[in-house]
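Asks: Take the sequence shown: its letter number 54 is residue 54 in full-length UniProt numbering, and every next letter is one higher.
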Amino acid sequence: MTIELVQDFIESSKDKYIQLSDEIWQYAELGYTEQKSAAAHIAFLKAAGFTVREGVAGIPTAFVAEAGSGGPVIGILGEFDALSGLSQESLALSCCPSTEISNGNGHGCGHHLLGTSAHLAAVAVKNALERGGIEGTVRFYGCPAEEGGWGKTFMTRAGLFDDVSAAITWHPGVANTIMNLESLAVKQAYFRFKGVAAHAGASPHLGRSALDALELMNIGTNFLREHMIPDARVHYAITDAGGVAPNVVQPNAAALYMIRAPRNRDASELYERICNIARGAALMTDCELEIEVHSACSNLLRNTTLNELMQAKLKQFGAPQYDSEELQFAESMHRTTRPEEVEMAGRMLASAWRQPKALFDGVDELYNDRPSKMHGSTDVGDVSWVTPTVQCMTACFAFGTSPHSWQWVSQGKSALAHKGMTLAAKTMAATALELYTNPLLLAAARTELKERLADEPYVCPIPDGVQPPIPGRSA
Ligand SMILES: [Zn+2]
Numbered sequence: 001m002t003i004e005l006v007q008d009f010i011e012s013s014k015d016k017y018i019q020l021s022d023e024i025w026q027y028a029e030l031g032y033t034e035q036k037s038a039a040a041h042i043a044f045l046k047a048a049g050f051t052v053r054e055g056v057a058g059i060p061t062a063f064v065a066e067a068g069s070g071g072p073v074i075g076i077l078g079e080f081d082a083l084s085g086l087s088q089e090s091l092a093l094s095c096c097p098s099t100e101i102s103n104g105n106g107h108g109c110g111h112h113l114l115g116t117s118a119h120l121a122a123v124a125v126k127n128a129l130e131r132g133g134i135e136g137t138v139r140f141y142g143c144p145a146e147e148g149g150w151g152k153t154f155m156t157r158a159g160l161f162d163d164v165s166a167a168i169t170w171h172p173g174v175a176n177t178i179m180n181l182e183s184l185a186v187k188q189a190y191f192r193f194k195g196v197a198a199h200a201g202a203s204p205h206l207g208r209s210a211l212d213a214l215e216l217m218n219i220g221t222n223f224l225r226e227h228m229i230p231d232a233r234v235h236y237a238i239t240d241a242g243g244v245a246p247n248v249v250q251p252n253a254a255a256l257y258m259i260r261a262p263r264n265r266d267a268s269e270l271y272e273r274i275c276n277i278a279r280g281a282a283l284m285t286d287c288e289l290e291i292e293v294h295s296a297c298s299n300l301l302r303n304t305t306l307n308e309l310m311q312a313k314l315k316q317f318g319a320p321q322y323d324s325e326e327l328q329f330a331e332s333m334h335r336t337t338r339p340e341e342v343e344m345a346g347r348m349l350a351s352a353w354r355q356p357k358a359l360f361d362g363v364d365e366l367y368n369d370r371p372s373k374m375h376g377s378t379d380v381g382d383v384s385w386v387t388p389t390v391q392c393m394t395a396c397f398a399f400g401t402s403p404h405s406w407q408w409v410s411q412g413k414s415a416l417a418h419k420g421m422t423l424a425a426k427t428m429a430a431t432a433l434e435l436y437t438n439p440l441l442l443a444a445a446r447t448e449l450k451e452r453l454a455d456e457p458y459v460c461p462i463p464d465g466v467q468p469p470i471p472g473r474s475a
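Below, the structure written as structure tokens:
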């Protein structure tokens, strides 16, 4: 019954949501500046009868839309931020900047699809609750700045998920599968050194070089790599190299560090070791050091109960059918990939991808005991520590094309992307509906989370005083 309700509602209303997704592709706004994208979502949600709380967690582009009443409360998470430097012509088969978008950005991670599909799922759930006379609340969470701004972590810290019974989301990709993943926890911090300027030729002994301190810190960190756990990652960007004058002893220098590790406590431990290296560098050079936490996010906690439920729903709907034009487009796009990209895409699947095709046209098997390791991070992680969380992926792009590439931007308004986002919306809505009507399953998912938290309870990795890094807002 619920499957038909979802299927019919989404099929009959999908066109205007496809338009919304295309509109947001066009806005291509970066994290925390998604004003037009958030406004477009909010207008649609209000028109669909949702009550919207705007500017939540102190973030102007974060919002929570709600419908229904009582419990359970199911949260469906959406994103809408784009990536810098990825402007790309829609449907082009080579890398060329868009003539439609002037801000230089592009939806290289498909978050225009992600947000719109999750939004459509929430509207479909509202409709099914009303039609079926089912008690419960559905929320759509408008989550800004997934790309390095970790909006959901700030939203989690603000308690926005505390009363959520379970959370559901998805990510556009190259296959139809459950995201049975382990992601890395992250800590991001600025390390700023302050020295003394001096004439580099006439009186270098009077100077104290902040650039020397920063270089020594980076060298120290690079030596640390041998002695950290293999799955950890450390990256840095020099945000202030002290200017362009070599004849001045540089009085200021800074770097933004990104420290990743499998679990929150590993990331915290590694962060402390890197802070010590920075302190050592400051001591060696007689400079002052300031450490400022930028943001952070937690690793994902899997929920095998919800994984199995969502897998069953995904299988029930099955992969979309494609016409010859769509298959041809996928084929052309697939030809732009390198063999190692295809191999990388195959590695995240549970079932062996023996015969790489241009388009993934089935549903991957789920092996709950074999999660794939994702050496990236997602702020869905924090939500997954406070409420049982599940995510699927659907094929929106030709197999082997990679996230954060021109190919994903190019395919973002294609029929493939639209079909993938429609399948994801159906899968999310059907998963949610099962949770309203199957209290035992929801209880099992919640017990599973409790067990996973037994040896490390959730502590938000972003300290209380740290504000979301919103451009233009002073700290
Ligand atoms: Zn993404």
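The beta carbon of each residue, even a glycine, is placed where N, CA and C say it ideally should be.
Considering only residues of the same chain and omitting the five flanking positions on each side of Leu120, which have a CB-CB separation below 6 Å?
Replies: The residues are Tyr17, Ala425.
Asks: Can you tell me whether DSSP reads Phe193 as helix, strand or coil?
Replies: In this structure, Phe193 counts as strand in the three-state DSSP scheme.
Asks: Report the three-state DSSP secondary structure of Ala202 (helix, strand or coil).
Replies: It is coil, neither helix nor strand.
Asks: Do Glu146 and ligand 1 come close, with the Cβ less than 7 Å from some heavy atom?
Replies: Because some heavy atom of ligand 1 lies under 7 Å away, the Cβ of Glu146 counts as near it: yes.
Asks: Output the distance between the C-alpha atoms of Ala445 and Gly242, rounded to the nearest integer angstrom.
Replies: Those two C-alpha atoms are separated by around 52 Å.
Asks: One question on the structure: do Ala254 and Phe193 come within less than 8 Å of each other, judged by their Cβ atoms?
Replies: It is a contact, given that the beta carbons lie within the stated cut-off.
Asks: Under three-state DSSP, which class holds Val6?
Replies: The answer is helix: DSSP assigns Val6 an H, G or I state.
Asks: Measuring alpha carbon to alpha carbon, tell me which residue in Phe63, Arg233, Ala82, Asp15 is nearest Val409.
Replies: Per the Cα distances, Ala82.
Asks: Taking the alpha carbon of Ile229 as the reference point, which residue from Val249, Glu269, Cys275 has its own alpha carbon closest?
Replies: Nearest option by C-alpha distance: Glu269.
Asks: Starting from Phe140 and walking both ways along the beta strand (DSSP E), at which residues does that stretch end?
Replies: Note, Phe140: beta strand (DSSP E), 136-143.
Asks: I need the straight-line Cα distance from His227 to Thr221, nearest angstrom please.
Replies: C-alpha separation (whole angstroms): 10 Å.
Asks: Leaving out five residues on either side along the sequence, give the residues of the same chain with a beta carbon under 8 Å from the beta carbon of Asn105.
Replies: So the qualifying residues of the chain are Ala28, Glu29, Leu30, Ala82, Leu83, Ser84, Gly85, Leu86, Ser87.
Asks: Whole angstroms is fine: what's the gap from Ala43's alpha carbon to Glu79's?
Replies: Spanning the two alpha carbons is a distance of roughly 16 Å.
Asks: Taking only the alpha-carbon atoms, compute the straight-line gap between Ala278 and Arg53 and give it to the nearest angstrom.
Replies: Looking at the two C-alpha atoms, the distance is approximately 42 Å.
Asks: If you measure from the CB of His112, is any heavy atom of ligand 1 nearer than 7 Å?
Replies: Flag unset: Cβ of His112 not near ligand 1.
Asks: Quick check on the burial criterion: 16 or more other C-beta atoms within 10 angstroms. Buried or exposed for Gly207?
Replies: Buried, since its Cβ has 16 or more Cβ neighbours within 10 Å.
Asks: Determine the DSSP secondary structure at Asn307, reduced to helix, strand or coil.
Replies: Note: Asn307 maps to helix in three-state DSSP.
Asks: Which of the three DSSP states, helix, strand or coil, is assigned to His41?
Replies: Looking at His41 - three-state DSSP - the assignment turns out to be helix.
Asks: Under 7 Å from any heavy atom of ligand 1, does the C-beta of Cys109 make it?
Replies: Yes, ligand 1 has a heavy atom inside 7 Å of this Cβ.
Asks: With DSSP as the reference, label Leu270 as helix, strand or coil.
Replies: It is helical.
Asks: Count the other CB atoms within 10 Å of the CB of His294; is the residue buried (16 or more) or exposed (fewer)?
Replies: By the neighbour-count rule (16 or more Cβ atoms within 10 Å), His294 is buried.
Asks: Quick one: complete alpha helix (DSSP H) runs, 4+ long, within the segment 428-458?
Replies: Within the segment 428-458, the complete alpha helix (DSSP H) runs of at least 4 residues are 439-452.
Asks: Do Gly110 and Cys297 have their CB atoms nearer than 8 Å?
Replies: Cβ distance not < 8 Å, so Gly110 and Cys297 don't count as in contact.
Asks: Quick one: what does DSSP say Val293 is sitting in, helix, strand or coil?
Replies: If DSSP states are grouped into helix, strand and coil, Val293 belongs with the strands.
Asks: Is the CB of Cys460 under 8 Å away from at least one CB in chain D?
Replies: Included in the structure is just one protein chain, with no chain D present.
Asks: Between the alpha carbons of Ser13 and Gly49, how many angstroms are there, rounded?
Replies: Looking at the two C-alpha atoms, the distance is approximately 15 Å.
Asks: Hey, could you find the ends of the beta strand (DSSP E) residue 476 is sitting in?
Replies: Outside the shown range of the chain, which is 1 to 475, sits residue 476, and nothing can be said about it.
Asks: For ligand 1, is there any heavy atom lying closer than 7 Å to the beta carbon of His294?
Replies: False, no ligand heavy atom lies under 7 Å from that Cβ.
Asks: Output the boundary residues of the beta strand (DSSP E) element that contains Asn252.
Replies: First-last of the beta strand (DSSP E) with Asn252: 252-261.
Asks: On the CB-based measure, 16 or more other CB atoms within 10 Å of its CB, does Val390 come out buried or exposed?
Replies: So Val390 counts as buried.
Asks: Any idea if Met344 is buried or exposed, counting beta-carbon neighbours within 10 angstroms, 16 or more meaning buried?
Replies: That one is exposed.
Asks: Select from Thr427, Ala398, Leu453, Trp150 the residue whose C-alpha is nearest the C-alpha of Pro469.
Replies: For Pro469, the nearest C-alpha among the options comes from Trp150.
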